[in-house]
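Okay, here's the thing in structure tokens:
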């Protein structure tokens, strides 16, 4: 119990450290219709020390094109890796553009000292490069730089916290809360166009580069894969009117119907209770999942992060506190 407590505390301090030094690369604005993606950049800096480094889509596209033209070795190395681990059914040009986009992410985050990315993943990027960035997002997240969709700054923060809570030993996946399981009243589909890390793909399967079904552009670059189940923590950092909280709870992977995109069916203890939290709290339609029980770590970390309150969607706070005490 003593060693467990020490390890939990070390992981909690890692969360505090990573949050306090966090700089997020923001690529373009939020999608205009996504009012839920609004954030208060000034508050994030004043309350948590979080910095946002914004660049325009024009600057990003220019970087991708420059990488494609000049960084051929890095791009080819990425293409080689993609061909080893993915089921590729799209053209060589699409694969090359996805690889160039991934290399551009790497270079920009390194240049600007960023440890996460939030990108406007549609529709301006498709007009310029004719691809979706989802697979590149997945590859980056696997390398320890979480990339989130729809310019969700709070989603990037959540993913960094989740990753830090595992000491970098597990990759977070960024998902939509979507629909209830057809036969399990406490089952829920976690899905997105395709940004889940490739390393999480279900055993004996390969992720596939494909075209998102929900967008009209017809551009490929998303990842289609069911990911591994098991025990999972679900998290969401959000705030409203200057008050910030971290939604957190447990889930486990379950079987369910095939779905396009990257997905996992999960079961929680009480879905109605979770939905009530989502509706009445400051939370939105995005969450971050990670394949480890990080609730005790994040609960402990919140003691040392002023202005951030833990908010369990299940009645487990006393259980978590007892675990931390070594009981």
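Numbering (the working numbering), first residue to last: 1075 to 1401. Note that beta-carbon positions come from the ideal geometry of N, C-alpha and C, so glycine has one too.
Check	Outcome
Residue 1202 Cβ short of 7 angstroms to the ligand MG heavy atom set	The model depicted lacks the ligand MG and carries no ligand whatsoever.
Burial state of residue 1389, where buried means 16 or more other Cβ atoms lie within 10 Å	exposed
Proximity of residue 1372 and residue 1227 at Cβ, strictly below 8 angstroms	no
Residue range of the beta strand (DSSP E) that includes residue 1097	1097-1101
Residue from 1366, 1090 and 1080 with nearest C-alpha to residue 1378	1090
Every unbroken alpha helix (DSSP H) inside the stretch 1205-1235 [4 residues or more]	1208-1216
Inter-residue Cα distance where the pair is residue 1056 and residue 1344	Any property of residue 1056 remains undetermined from this structure, which presents the chain solely from 1075 to 1401.
For residue 1264, three-class secondary structure by DSSP	strand
Whole-angstrom distance between residue 1300 and residue 1144, CA atom to CA atom	35 angstroms
Simplified DSSP assignment, three categories, for residue 1339	strand
Beta-carbon contacts of residue 1370 that lie in its chain and below 6 angstroms, excluding the five residues immediately before and after	1082, 1394, 1397 and 1398
Element boundaries [beta strand (DSSP E), containing residue 1311]	1305-1314
Collapsed DSSP secondary structure at residue 1322 in the structure displayed	strand
Close-in-space but distant-in-sequence residues of the same chain around residue 1211 (CB under 6 angstroms, 5 per side omitted)	1221 and 1269
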